[in-house]
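At position 150 of the sequence shown (counting the first as 1) the number is 163 in the working numbering, and the numbers step up by one without a gap.
A short worksheet on the structure shown next.
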Amino acid sequence: MFWLLGSLSGVRWPDAILALVVVLAGFMVIFAFSRALDTFTFGDEVSTTLGVPVTLVRIILLLTCALVTAVMVSIIGAVGFVGLVIPHVTRMLCGPGHRRSIPLTFLIGSHFMILADVVSRTLITHQVLPIGVVTALVGAPAFVVLLYRSREKNV
14 MFWLLGSLSG VRWPDAILAL VVVLAGFMVI FAFSRALDTF TFGDEVSTTL
64 GVPVTLVRII LLLTCALVTA VMVSIIGAVG FVGLVIPHVT RMLCGPGHRR
114 SIPLTFLIGS HFMILADVVS RTLITHQVLP IGVVTALVGA PAFVVLLYRS
164 REKNV
C-alpha cells in the first residue's frame, strides 16, 4: 500500500537529508535552465536561433527530473496530483515566466505536502491515512476544474 499511495510516516532523518540534498540539487539545475525553458514556449527553431542547445537542455532536464522523482518515490512512495495541479496553480498566480514559477512551484508544492501530511495524520484519530489519499481528494477535483477551464479556452 505504501508504494501506491505514499506516506511520510516512515521517513527518518537520513531519508529526509537525502531528499533535501537531491531536491535542492535538482532545483538548482532546473532553475539554471529557466531562461532556456522560456524559449521552449516558442518552439525548437526559435530556441536554437536564440542559442539554446535544445537537445542537450532537454536531456539534462529529463535526467534531473527522473533522478529527483526516483529518489522521492523511493522515500515516500507515489503521491498523485501534486506534480499535475501545483504547477498549474503557480502559473495562475505568477504567469508563464519560469524564473518566478519554478521557485514558487517548489514552495507551494512543499507547503501543500506538509499540509496534506498534517491532514492525513489528524483526520482520523489514532490512524494515519496515506498522504496520496489526501492529495487525491484535493487534486482530483482541482484537476477536473483545470481541464474544464482549458476546454473553455479552446472552444
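Glycine included, C-beta positions come from ideal geometry on N, C-alpha and C.
Every value quoted in this text rests on a predicted model; they were computed, and no experiment measured them.
Just to confirm, is the Cβ distance from Val-95 to Met-126 under 8 Å?
Using a Cβ distance threshold of 8 Å, Val-95 and Met-126 count as a contacting pair.
Taking the beta carbon of Ile-121 as the centre, do at least 16 other beta carbons fall within 10 Å, making it buried, or is it exposed?
Buried: at least 16 other Cβ atoms inside 10 Å.
7 Å Cβ shell around Asp-51 - same chain, five flanking residues per side excluded:
Correct list, in chain order: Gly-110 and His-111.
Is the separation between the beta-carbon of Phe-119 and that of Leu-74 shorter than 8 Å?
For Phe-119 and Leu-74, no; Cβs fall outside 8 Å.
Bounding residues of the alpha helix (DSSP H) (the contiguous stretch that carries His-111):
Per DSSP, His-111 belongs to the alpha helix (DSSP H) from 111-135.
Please list the terminal residues of the continuous alpha helix (DSSP H) segment that includes Gly-39.
Counting along the chain, the alpha helix (DSSP H) containing Gly-39 begins and ends at 26-45.
For the putative contact between Ala-91 and Gly-19, defined by C-beta atoms under 8 Å, what is the C-beta separation to the nearest angstrom?
Gly-19 and Ala-91 do touch by the CB rule: their CB atoms are close to 6 Å apart, below 8 Å.
Which residue wins for smallest C-alpha separation from Ile-144, given the options Ala-153, Pro-154 and Val-131?
Nearest of Ala-153, Pro-154 and Val-131 to Ile-144, Cα basis: Val-131.
Is Ala-91 helix, strand or coil by DSSP?
Coil, per DSSP.
Spatial distance of Phe-156 from Val-98 (CA atoms):
If you draw a straight line from the Cα of Phe-156 to the Cα of Val-98, it comes to about 6 Å.
My output table needs one value for Pro-100: the three-state DSSP class, helix, strand or coil.
In this structure, DSSP gives Pro-100 a helical state, which the three-state scheme calls helix.
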